[in-house]
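Asks: Please find one structure pasted underneath; my questions will follow.
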Amino acid sequence: MMNSSTAGLIAGLLIAIAITTGGFLGFLLAIVLGGGGLLIGRQLAGEIDLGDVFAGRRRE
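Numbering of the sequence shown is given in the numbering used here, commencing with residue 351 and proceeding in unit increments.
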């Protein structure tokens, strides 16, 4: 059974393949979308917290 991280990675890669037809730009787009899918999958699985990453530093 696939976990959310694996499913997110596969979904991102499939979207990239559907959008592009190949070439170097298509390869880069597949890497970016695959990484995005992986991050979203890990967020949904509770493995990482993207809120901490995008919140930035807070001054106290």
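The beta-carbon is built from N, C-alpha and C at its ideal position, and this holds for glycine as well.
Could you spell out the range, first to last residue, of the alpha helix (DSSP H) harbouring Ile-398?
Replies: Premise fails: Ile-398 is in no alpha helix (DSSP H) and is neither H nor E.
Asks: Using the rule of at least 16 other Cβ atoms within 10 Å of the residue's Cβ for burial, across every protein chain shown, is Ala-405 buried or exposed?
Replies: Flag for Ala-405 reads exposed.
Asks: Mapping DSSP to helix, strand and coil, what is Thr-356?
Replies: Note: Thr-356 maps to helix in three-state DSSP.
Asks: Return yes when the Cβ of Gly-362 is within less than 8 Å of the Cβ of Leu-378, no when it is not.
Replies: The answer is no: Cβ separation not under 8 Å.
Asks: Counting C-beta neighbours from all protein chains within 10 Å, is the total for Gly-401 16 or more, i.e. buried, or is it exposed?
Replies: Exposed is the call here.
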